[in-house]
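Taking this note's numbering, the leading residue of the first sequence gets 2, the next gets one more, and so forth.
Just so you know, even glycine gets a beta-carbon here, dropped at the ideal spot from N, CA and C.
Since the model is a prediction, treat every value here as computed from it, not as a measurement.
Written out below as structure tokens is the structure these notes cover.
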Amino acid sequence: MSTENHFYNHKKQDSAWQKKWQADDTYKTADKSTKKKMYVLDMFPYPSGAGLHVGHPRGYIASDVYARMKRMQGYNVLHPMGFDSFGLPAEQYAITHGVHPAKTTKTNIDTYEKQLRSIGLSFDWSRKINTTDPEYYKWTQWIFLKLYDSWYDPKKNKARPIKELISILSKDKKWKTYSKTEKEEILMTYRLAYQGYSEVNWCPGLGTVLANDEIVDGKSERGGFPVEKKTMRQWFMRITAYADRLLSGLETLNWPEQIKTIQKNWIGKSEGYEVSFKIVGAIIPDATVTVYTTRLDTLNGVTFLALSKNHILAGAYTEQTKLWLDDNTGDKKGILVDGIHGIHPDTKEKIPVYVTNYVLSTYGTGAVMGVPDMDERDYAFAEKFKIPVKKVLFENADIIAKRIKAKKASSYKIRDAVFARQRYWGEPIPLKHNTDGTISPLKASELPLTLPNVKSYEPTGTGESPLASIKSWVKEGFETNTMPGWASSSWYYLRYMDPKNSSALASSAAIKNWKQVDVYVGGAEHATGHLLYARFWNKFLYDIGITVTDEPFKTLRNQGMILGPDNRKMSKSWGNVINPDECISTYGVDAFRLYEMFIGPFDSSMPWSTESIIGTRRFVDRVWRLHEKVLAQGNVKSSVQVESMLHKTIKKVSDDIETFNFNTAVSSHMILLNTIEEGVISRKDFESFIILVAPFTISLSEEIWKNLGNKTSIHLAPWPKYNPKKIVEESITIGIQVNGKLRGEISITGNESETEVIAKSLEIVKNHIEGMSVKKTIYVKGKIVSIVVGF
RNA sequence: GGGCAAGUGGCGGAAUUGGUAUACGCGCUAGUCUUAGGAACUAGUUCUUCACGGAUUGAGGGUUCGAGUCCCUCCUUGCCCACCA
Numbered sequence: 002m003s004t005e006n007h008f009y010n011h012k013k014q015d016s017a018w019q020k021k022w023q024a025d026d027t028y029k030t031a032d033k034s035t036k037k038k039m040y041v042l043d044m045f046p047y048p049s050g051a052g053l054h055v056g057h058p059r060g061y062i063a064s065d066v067y068a069r070m071k072r073m074q075g076y077n078v079l080h081p082m083g084f085d086s087f088g089l090p091a092e093q094y095a096i097t098h099g100v101h102p103a104k105t106t107k108t109n110i111d112t113y114e115k116q117l118r119s120i121g122l123s124f125d126w127s128r129k130i131n132t133t134d135p136e137y138y139k140w141t142q143w144i145f146l147k148l149y150d151s152w153y154d155p156k157k158n159k160a161r162p163i164k165e166l167i168s169i170l171s172k173d174k175k176w177k178t179y180s181k182t183e184k185e186e187i188l189m190t191y192r193l194a195y196q197g198y199s200e201v202n203w204c205p206g207l208g209t210v211l212a213n214d215e216i217v218d219g220k221s222e223r224g225g226f227p228v229e230k231k232t233m234r235q236w237f238m239r240i241t242a243y244a245d246r247l248l249s250g251l252e253t254l255n256w257p258e259q260i261k262t263i264q265k266n267w268i269g270k271s272e273g274y275e276v277s278f279k280i281v282g283a284i285i286p287d288a289t290v291t292v293y294t295t296r297l298d299t300l301n302g303v304t305f306l307a308l309s310k311n312h313i314l315a316g317a318y319t320e321q322t323k324l325w326l327d328d329n330t331g332d333k334k335g336i337l338v339d340g341i342h343g344i345h346p347d348t349k350e351k352i353p354v355y356v357t358n359y360v361l362s363t364y365g366t367g368a369v370m371g372v373p374d375m376d377e378r379d380y381a382f383a384e385k386f387k388i389p390v391k392k393v394l395f396e397n398a399d400i401i402a403k404r405i406k407a408k409k410a411s412s413y414k415i416r417d418a419v420f421a422r423q424r425y426w427g428e429p430i431p432l433k434h435n436t437d438g439t440i441s442p443l444k445a446s447e448l449p450l451t452l453p454n455v456k457s458y459e460p461t462g463t464g465e466s467p468l469a470s471i472k473s474w475v476k477e478g479f480e481t482n483t484m485p486g487w488a489s490s491s492w493y494y495l496r497y498m499d500p501k502n503s504s505a506l507a508s509s510a511a512i513k514n515w516k517q518v519d520v521y522v523g524g525a526e527h528a529t530g531h532l533l534y535a536r537f538w539n540k541f542l543y544d545i546g547i548t549v550t551d552e553p554f555k556t557l558r559n560q561g562m563i564l565g566p567d568n569r570k571m572s573k574s575w576g577n578v579i580n581p582d583e584c585i586s587t588y589g590v591d592a593f594r595l596y597e598m599f600i601g602p603f604d605s606s607m608p609w610s611t612e613s614i615i616g617t618r619r620f621v622d623r624v625w626r627l628h629e630k631v632l633a634q635g636n637v638k639s640s641v642q643v644e645s646m647l648h649k650t651i652k653k654v655s656d657d658i659e660t661f662n663f664n665t666a667v668s669s670h671m672i673l674l675n676t677i678e679e680g681v682i683s684r685k686d687f688e689s690f691i692i693l694v695a696p697f698t699i700s701l702s703e704e705i706w707k708n709l710g711n712k713t714s715i716h717l718a719p720w721p722k723y724n725p726k727k728i729v730e731e732s733i734t735i736g737i738q739v740n741g742k743l744r745g746e747i748s749i750t751g752n753e754s755e756t757e758v759i760a761k762s763l764e765i766v767k768n769h770i771e772g773m774s775v776k777k778t779i780y781v782k783g784k785i786v787s788i789v790v791g792f
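See below:
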């Protein structure tokens with residue numbers, strides 16, 4: 002026997018078939034189809050200069066296996082890929098190397114696309130999108146303008162056009178007396194995209210403002226630069242308007258519970274009361290401090306009021322004092338507000354008022370009633386400032402509320418999202434600042450507002466974007482901030498539905514057809530960023546009649562991280578990065594895909610093993626040899642065990658792919674192969690087996706399929722059907738327990754009566770029950786015999 | 001400090017959801033074959049014991065005829081949020 006035929010030539014097959022699939026448009030998605038639709042989406046990547054490591058494709062291969070099975074099960078599958086390419090890294094590279102970000106972005110996209118193609122992912126590449134393409138970001142800008150032109154009506158619980166708000170406001174006679182600027186200022190407090198002056202996370206190192214989720218341990222996520230508080234003019238997204246819907250919508254989603262919990266906590270809804278305390282001695286007449294509390298039942302124990310430094314009654318402070326109060330990470334700090342005191346609404350006692358660092362200005366009312374007897378923080382503060390601690394006499398909250406006229410109120414942790422970066426490589430915000438201070442949005446027909454070229458990509462350091470240094474840009478009055486990274490990724494799933502449309506972000510027919518993403522695959526790290534923002538935008542687009550479902554992603558699956566062989570996160574600095582190109586070249590794309598799926602449960606993290614991948618390569622070779630055997634053999638029937646195992650495997654693999662249990666699906670393939678090698682398989686059953694592995698082993702299956710005489714692609718062949726009648730068990734062996742310990746086993750067909758089985762079992766384990774009496778017998782059909790004995 | 005996961009051989013892990021724990025794969029051991037090598041094939045491989053047997057799913061307790069799976073206490077690891085009133 003020569004050995005040559007006995008190894009599968011992956012290099013030849015991989016490249017040949019990939020060319021063929023591309024030439025044949027095998028994976029092209031039909032815009033119109035009578036088949037049921039299935040939208041399977043990966044979180045699109047940000048193409049970095051480093052290219053892919055073996056951890057990245059795990060999610061892509063999983064979604065690909067799923068999409069392939071669905072295609073073979075007769076669905077019209079939308080499975081696209083694109084690139085999220087605005088953002089800091091390309092810009093930082095431009096600063097250090099002087100290369101235009103557009104150029105870097107193009108190079109990186111090309112590298113990524115080449116790598117993704119080599120993994121044989123069944124994307125419809127004709128739908129590829131690139132967020133830095135003006136034809137794409139035109140629609141990101143268009144959505145921004147819609148948000149700018151909308152307000153949230155809490156009564157109708159949806160977004161409405163701003164002109165409808167104006168007609169409501171006009172009913173008030175006062176409205177006409179306001180100047181144009183005053184009217185604009187009022188409207189700005191309603192717009193869903195609005196400009197505000199707010200304390201933000203300013204990062205001098207990056208020269209930009211950051212969102213909360215871009216800060217890790219008080220430092221910027223990218224670069225690790227320090228972050229400080231600064232009050233600046235910003236664009237915001239009024240995501241807080243959607244807080245309740247973002248919360249209730251979670252219940253309708255088939256998402257991992259962990260992600261739902263994270264979003265729930267992030268939104269942070271709590272129910273309580275607002276209580277007003279009269280203030281005596283303030284300059285403002287009839288001054289009150291309203292606090293938010295979830296524990297109105299402890300009102301009796303209030304001995305002080307604590308205000309945040311931004312509270313209207315907090316007073317003016319020197320820069321130094323402000324800085325001192327800014328630090329709210331360590332000890333409790335506070336200043337007694339001289340000359341004023343509060344009045345307890347129930348007891349009418351005088352209580353002192355403090356400004357403290359531990360009360361957040363952005364939560365509740367920015368003021369807290371201090372109950373040192375109940376609350377640890379209040380106690381720590383009271384102890385430090387020698388404030389008396391009063392023993393709480395609990396009383397029903399509703400009764401107190403009625404008596405002191407406290408209102409029920411809800412509070413949320415979620416904050417409006419900063420929607421501006423003082424950087425260059427992002428979508429321009431399509432607005433003009435007029436000389437009178439008002440703002441004019443661009444018309445839809447004026448979009449896209451394209452990003453101009455600049456000489457220097459360096460941030461100005463004054464908190465302005467490099468765009469501020471372009472005279473023509475500033476002269477036109479264009480906004481110099483750009484959009485943050487999450488803008489374009491908040492709606493891209495809609496663009497794939499109709500990626501080349503120049504008159505709408507996608508045609509309403511396409512959106513009606515594809516509706517929403519059926520299965521969305523990506524990392525869990527986007528729980529409070531992308532996944533929340535995209536839900537918010539989708540809900541807004543639903544309100545204005547663009548999308549047809551309230552939620553964008555029906556089912557979500559998170560992939561676990563692949564660590565280096567040393568169990569550490571893959572990184573250049575550890576030198577533990579495994580490149581997929583090398584794996585594919587050594588073992589072939591099929592062994593690589595199998596191993597990525599076989600390595601362990603899809604959603605858990607695990608180390609890459611450079612030796613274990615040989616196991617899936619052996620599987621590939623064994624299937625190849627089996628196919629040679631099948632081609633050589635005559636017309637044979639499958640052995641009973643093989644046929645039975647085949648049908649068990651059809652059920653198991655179909656179920657496992659459906660539920661993303663890819664590791665056990667591959668394991669079932671291996672068990673089936675082991676069974677086939679010990680028996681005989683018919684040509685027809687072998688075809689079923691090859692189809693069953695085809696979503697994993699794409700080239701191998703295709704080549705074998707051709708050799709079996711098929712003219713069309715296996716990847717469009719119908720998925721095998723499971724026939725329960727084919728599963729025959731001649732006999733099964735079950736255990737016999739005596740007092741809970743396994744003492745023997747018995748072979749049964751399953752047709753015996755309980756008495757029969759028990760009688761035989763007692764005979765088998767008679768040594769273990771000698772001299773004792775049988776107290777109880779249990780027979781769980783087909784599972785176990787349990788005998789209880791005693792003296 | 002709060003919340004959420006998870007702990008099973010030398011390694012990655014499986015277990016029909018309360019029914020014979022360690023499937024599948026890697027590695028390892030022995031053998032077969034071969035024109036060097038990486039290969040392939042056959043047998044074995046949780047631990048302990050020459051063996052009969054015994055023990056075993058992070059530790060301890062409980063429920064049950066029966067627990068990796070359910071309940072309680074504790075330990076360890078990972079992730080998320082951290083003065084949210």
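Review point. By Cβ distance below 7 Å, which residues in the same chain neighbour residue 159 in space, the five residues on each side in sequence not counted?
Key: One-based indexing of the first sequence puts residue 159 at position 158. Same-chain partners within the cutoff: 544.
Review point. Out of 348, 369, 285 and 365, which has the shortest C-alpha to C-alpha gap to residue 340?
Key: In the first sequence, counting from the first residue as 1, residue 340 sits at position 339. The shortest C-alpha separation from residue 340 is found at 285.
Review point. What three-state label does DSSP hand residue 816 in the structure shown?
Key: This structure does not reach residue 816, given that the chain is present from 2 up to 792, and the question cannot be answered.
Practice item. Take residue 443 as the anchor and find which of 35, 18, 147 and 465 has the nearest alpha-carbon. Key: By one-based count along the first sequence, residue 443 stands at place 442. Measuring from the Cα of residue 443, the nearest candidate turns out to be 147.
Check your understanding: Do residue 433 and residue 465 have their C-beta atoms within less than 8 Å of each other?
Key -> Here the question's residue 433 lines up with position 432 in the first sequence. Here the question's residue 465 lines up with position 464 in the first sequence. Here residue 433 is not near residue 465, since their CB atoms are 8 Å or more apart.
Review point. At what residue ranges does the stretch 496-574 contain a whole run of the beta strand (DSSP E), taking only runs of 3 or more?
Key: As summarised for the stretch 496-574, the continuous beta strand (DSSP E) elements at least 3 residues long and confined to that stretch are 518-523 and 554-559, given in chain order.
Exercise for review: Return helix, strand or coil for residue 491, following the three-state DSSP convention.
Suggested key: Position 490 of the first sequence, counting from 1, holds the residue named residue 491. Look at residue 491 here: in three-state DSSP terms it is coil, with no helix or strand label.
Review point. By how many angstroms is the C-alpha of residue 622 removed from the C-alpha of residue 4?
Key: Here residue 4 is taken as the residue at index 3 of the first sequence, counted from 1. Here residue 622 is taken as the residue at index 621 of the first sequence, counted from 1. Low confidence applies here, because residue 4 scores a pLDDT of 38, under 50, leaving its location unreliable and the question unanswered by this model.
Point to revise | Runs of beta strand (DSSP E) lying entirely within the stretch 408-451, each at least 3 residues, in chain order | key: For secondary structure counted as the beta strand (DSSP E) over 3 or more consecutive residues, the stretch 408-451 holds these complete runs in sequence order: 408-412, 432-434 and 440-442.
**Study point:** Burial state of residue 795 (16 or more Cβ within 10 Å)
**Key:** The question about residue 795 has no answer, for the chain in this structure spans 2 to 792.
Check your understanding: Is it buried or exposed for residue 162, if we count other Cβ within 10 angstroms and need 16 for buried?
Key -> Residue 162 sits at position 161 when you count from the first residue of the first sequence. Taking every protein chain shown into account, the CB of residue 162 has fewer than 16 other CB atoms within 10 angstroms, so this residue is exposed.
Practice item. Please work out which residues of its chain come closer than 7 Å, Cβ to Cβ, to residue 360, disregarding the five sequence neighbours upstream and downstream, and give them in chain order. Key: Against the first sequence, residue 360 aligns to sequence position 359. Apart from the 5 residues on each side of it in sequence, residue 360 sits with its Cβ closer than 7 Å to the Cβ of 307, 308, 309, 367, 368 and 369 in its chain, given in chain order.
Point to revise | The alpha helix (DSSP H) enclosing residue 121, as first and last residue numbers | key: As a position in the first sequence, residue 121 is number 120, starting the count at 1. Where residue 121 is concerned, there is no enclosing alpha helix (DSSP H), because DSSP gives it neither an H nor an E.
Review point. Starting from residue 762 and walking both ways along the alpha helix (DSSP H), at which residues does that stretch end?
Key: Numbered from 1 along the first sequence, position 761 holds the residue referred to as residue 762. 755-765 is the span of the alpha helix (DSSP H), which, as asked, contains residue 762.
Exercise for review: Whole angstroms is fine: what's the gap from residue 2's alpha carbon to residue 679's?
Suggested key: Counting from one through the first sequence, the residue named residue 2 turns up at place 1. Counting from one through the first sequence, the residue named residue 679 turns up at place 678. Low confidence applies to residue 2: its pLDDT is 32, below 50, so where it sits in the model is not reliable, and the reading given next is rough at best. As the crow flies, the alpha-carbon of residue 2 is around 21 Å from that of residue 679.
Point to revise | Unbroken beta strand (DSSP E) run spanning residue 746, endpoints | key: What you label residue 746 is simply residue 745 of the first sequence in a count that begins at 1. Here the beta strand (DSSP E) through residue 746 covers 742-749.
Exercise for review: Please report how far the alpha carbon of residue 504 lies from the alpha carbon of residue 625, in whole angstroms.
Suggested key: The count along the first sequence starts at 1 and reaches residue 504 at position 503. The count along the first sequence starts at 1 and reaches residue 625 at position 624. For residue 504 and residue 625, the distance between alpha carbons rounds to 51 Å.
Practice item. Could you pull out every residue in the same chain whose Cβ sits closer than 8 Å to the Cβ of residue 786, ignoring the five residues on either side in sequence? Key: The residue labelled residue 786 in the question sits at position 785 within the first sequence. So the list reads 735, 736, 737, 738, 747, 758, 759, 762, 778, 779 and 780, once near-sequence residues are dropped.
Review point. Does the separation of the CB atoms of residue 651 and residue 689 fall below 8 Å?
Key: Reading the first sequence from its first residue, position 650 is the one you call residue 651. Reading the first sequence from its first residue, position 688 is the one you call residue 689. By the CB criterion at 8 Å, residue 651 and residue 689 fall inside the cutoff.
Review point. For residue 786, which three-state DSSP category applies?
Key: Counting from 1 along the first sequence, the entry for residue 786 is found at position 785. It is a strand residue.
**Study point:** Buried or exposed by the 16-neighbour rule on C-beta atoms within 10 Å, applied to residue 517
**Key:** Residue 517 sits at position 516 when you count from the first residue of the first sequence. Around the beta carbon of residue 517, 16 or more other beta carbons sit within 10 angstroms, so the residue counts as buried.
Check your understanding: Would you call residue 395 buried or exposed, if buried means 16 or more other Cβ atoms sit within 10 Å of its Cβ?
Key -> Here residue 395 is taken as the residue at index 394 of the first sequence, counted from 1. Here residue 395 is exposed: its Cβ has fewer than 16 other Cβ atoms, across all protein chains shown, within 10 Å.
Check your understanding: Can the beta-carbon of residue 455 be found closer than 8 Å to that of residue 430?
Key -> Here residue 455 refers to the residue found at position 454 when the first sequence is read from its first residue. Here residue 430 refers to the residue found at position 429 when the first sequence is read from its first residue. Not in contact: residue 455 and residue 430 (Cβ atoms no closer than 8 Å).
Exercise for review: Have a look at 269, 228 and 452 and flag the residue whose alpha-carbon is nearest the alpha-carbon of residue 248.
Suggested key: For this step, residue 248 is matched to residue 247 along the first sequence. Relative to residue 248, the option among 269, 228 and 452 whose CA is nearest is 269.
Check your understanding: DSSP three-state call for residue 149: helix, strand or coil?
Key -> To locate residue 149, count along the first sequence from 1; it is residue 148. Three-state result, residue 149: helix.
Review point. Taking the continuous beta strand (DSSP E) assigned at residue 199, which residues delimit it?
Key: Numbered from its first residue, the first sequence carries residue 199 at position 198. Secondary structure note for residue 199: its beta strand (DSSP E) is the uninterrupted segment 194-204.
Check your understanding: Which one or two residues does DSSP pair with residue 273 in a beta bridge?
Key -> Along the first sequence, one-based indexing puts residue 273 at 272. DSSP lists 410 as partners of residue 273.
Review point. Got a sec, what are the start and stop residues for the alpha helix (DSSP H) residue 351 sits in?
Key: The count along the first sequence starts at 1 and reaches residue 351 at position 350. Premise fails: residue 351 lies in the beta strand (DSSP E), 351-357, not in any alpha helix (DSSP H).
Review point. Based on the DSSP secondary-structure assignment, which residues constitute the bridge partners of residue 779?
Key: Taking the first sequence and counting its residues from 1, one reaches residue 779 at position 778. In the DSSP output, where bridge partners are listed per residue, residue 779 has 787.
Practice item. Hey, could you find the ends of the alpha helix (DSSP H) residue 678 is sitting in? Key: Here residue 678 refers to the residue found at position 677 of the first sequence. Residue 678 -> alpha helix (DSSP H) spans 663-679.
Check your understanding: Is residue 598 buried or exposed, if buried means 16 or more other CB atoms sit within 10 Å of its CB?
Key -> Numbered from 1 along the first sequence, position 597 holds the residue referred to as residue 598. By the 16-neighbour rule on beta-carbons within 10 angstroms, residue 598 is buried.
Practice item. Give a yes or no on whether the C-beta atoms belonging to residue 408 and residue 272 are separated by under 8 Å. Key: Here residue 408 corresponds to residue number 407 of the first sequence, with the count starting at 1. Here residue 272 corresponds to residue number 271 of the first sequence, with the count starting at 1. Contact: no.
**Study point:** Boundaries of the alpha helix (DSSP H) in which residue 801 is found, first to last residue
**Key:** Nothing about residue 801 can be read from this structure; the chain reaches only from 2 to 792.
Check your understanding: Rounded to a whole number of angstroms, what is the C-alpha to C-alpha distance between residue 200 and residue 420?
Key -> The residue given as residue 200 occupies position 199 in the first sequence. The residue given as residue 420 occupies position 419 in the first sequence. Distance between the alpha carbons of residue 200 and residue 420 is about 14 Å.
**Study point:** Straight-line gap, residue 149 to residue 313 (C-alpha atoms, nearest Å)
**Key:** Counting from 1 along the first sequence, the entry for residue 149 is found at position 148. Counting from 1 along the first sequence, the entry for residue 313 is found at position 312. Using only the alpha carbons, I get a separation of about 29 Å.
Exercise for review: Below 7 Å CB to CB, which residues in the same chain sit around residue 687 once its five sequence neighbours on both sides are set aside?
Suggested key: Taking the first sequence and counting its residues from 1, one reaches residue 687 at position 686. Counting only Cβ-Cβ distances below 7 Å, and skipping sequence neighbours, we find 631.
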